[in-house]
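Read top to bottom, the protein sequences are chains E and L.
Residue numbers for the first sequence follow this note's numbering, so the first one is 2 and each next one is one higher.
Residue numbers for the second sequence follow this note's numbering, so the first one is 5 and each next one is one higher.
Have a look at the structure below, then the notes.
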Amino acid sequence: DGGITQSPKYLFRKEGQNVTLSCEQNLNHDAMYWYRQDPGQGLRLIYYSQIVNDFQKGDIAEGYSVSREKKESFPLTVTSAQKNPTAFYLCASSIGPTDTQYFGPGTRLTVL
Amino acid sequence: KQEVTQIPAALSVPEGENLVLNCSFTDSAIYNLQWFRQDPGKGLTSLLLIQSSQREQTSGRLNASLDKSSGRSTLYIAASQPGDSATYLCAVFRNYQLIWGAGTKLIIKP
Chain E
2 DGGITQSPKY LFRKEGQNVT LSCEQNLNHD AMYWYRQDPG QGLRLIYYSQ
52 IVNDFQKGDI AEGYSVSREK KESFPLTVTS AQKNPTAFYL CASSIGPTDT
102 QYFGPGTRLT VL
Chain L
5 KQEVTQIPAA LSVPEGENLV LNCSFTDSAI YNLQWFRQDP GKGLTSLLLI
55 QSSQREQTSG RLNASLDKSS GRSTLYIAAS QPGDSATYLC AVFRNYQLIW
105 GAGTKLIIKP
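In structure tokens, the structure reads:
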């Protein structure tokens with residue numbers, strides 16, 4: 002059963018903590034993406050990766066970090082430098098950068 | 005800078021009606037335009053992808069059109085059903101990334 006999984010579904014973070022959101026895909030896609038979604042706004046791109054061991058910053062990369070050591074995995078770390086991290090985070094993948102993107106179910110991060 | 009706008013932000017219609025959702029973009033130099041559906045608290049599901057050289061795409065009761073010259077796309081939903089209730093987002097692909105609208109929240113009343 003192919004698809005994209007994200008974990009956890011809900012995550013609570015204390016101020017000053019780093020947290021890592023997991024994203025795994027078994028679609029054999031080369032490209033992977035992290036988006037942030039806030040109420041009333043369109044999705045905003047945090048980071049994207051077109052190939053293993055390579056990634057680029059999106060529009061709002063400050064306070065976030067990623068790695069792409071395996072084709073299947075693209076974890077996102079929300080660092081303490083991100084001043085307003087409470088949001089819904091969506092991971093996606095695609096065969097190539099211009100192809101349809103397939104999304105995971107999302108992780109809702111709340112800062113306490 | 006490319007901007008994508010979806011109006012209205014919310015729409016409520018009775019079951020069975022045909023309806024049109026709108027998406028406008030400021031820069032016509034796009035590679036493709038995509039429509040997605042998002043159910044509350046969930047991820048997005050791709051509905052239709054229109055290449056810049058195409059004028060429309062159809063899937064079941066859905067038809068999406070693209071007019072690059074006017075910077076507009078429409079998503080037509082025929083014979084709406086309560087299960088169509090969701091937020092519909094459009095996004096344009098340019099410069100190796102998707103630029104997103106904020107979405108239209110659609111409610112189909114039984």
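Cβ atoms here follow ideal geometry from the backbone N, Cα and C, with glycine treated the same way.
Here the structure is a predicted model, which is why all the values come from computation and not from measurement.
Do residue j and residue i have their beta-carbon atoms positioned less than 8 Å apart in this structure?
i, j, result
"L/I81", "L/L66", "yes"
"L/Q38", "L/L110", "no"
"E/Q26", "E/I5", "yes"
"L/A95", "L/Q10", "no"
"L/Y35", "L/R76", "no"
"L/L52", "L/Q42", "no"
"E/T111", "E/T80", "no"
"E/S116", "E/T101", "Chain E is shown from 2 up to 113; residue 116 of chain E falls before or after that span and cannot be answered."
"E/V20", "E/L28", "no"
"E/A32", "E/S50", "yes"
Name, please, each residue of chain E whose Cβ falls closer than 7 Å to the Cβ of residue i.
i, result
"L/N106", "Contrary to the premise, residue 106 of chain L reads as Ala rather than Asn in this sequence. Those are G41, Q42 and G43, listed as they occur along chain E."
"L/V8", "G43"
Let me know the secondary structure DSSP gives residue i once reduced to three states.
i, result
"L/P18", "strand"
"L/D88", "helix"
"L/E7", "coil"
"L/V24", "strand"
"L/T30", "coil"
"L/L102", "strand"
"L/L43", "According to the sequence shown, residue 43 of chain L is Asp rather than Leu. Note: L/D43 maps to coil in three-state DSSP."
"L/K113", "strand"
"E/L12", "strand"
Report the neighbours of residue i on chain L: residues whose CB is nearer than 9 Å to its CB, in chain order.
i, result
"E/Y103", "G47, L48, T49 and S50"
"E/Y49", "Y100 and Q101"
Output, in chain order, the set of chain L residues within a Cβ distance shorter than 7 Å of residue i.
i, result
"E/T99", "Y35, N36 and F97"
"E/P106", "K46 and G47"
Give the interface partners of residue i over in chain L, defined as CB-CB distance under 8 Å, in chain order.
i, result
"E/L46", "Q101 and L102"
"E/L91", "G47 and L48"
| Listed from N- to C-terminal order along the chain, which residues in the segment 57-86 of chain E have their beta-carbon within a distance smaller than 9 Å of any beta-carbon of chain L? | Q57, G59 and D60
| task | Check distances from the C-beta atoms of the segment 49-68 of chain L to those of chain E and list, in chain order, the residues that come in under 8 Å. | result | T49, S50 and L53
| task | Please go through the segment 21-101 of chain E and give each complete beta strand (DSSP E) segment of 3 or more residues, from N-terminal end onward. | result | 32-38, 45-52, 55-58, 65-67, 77-79 and 88-95
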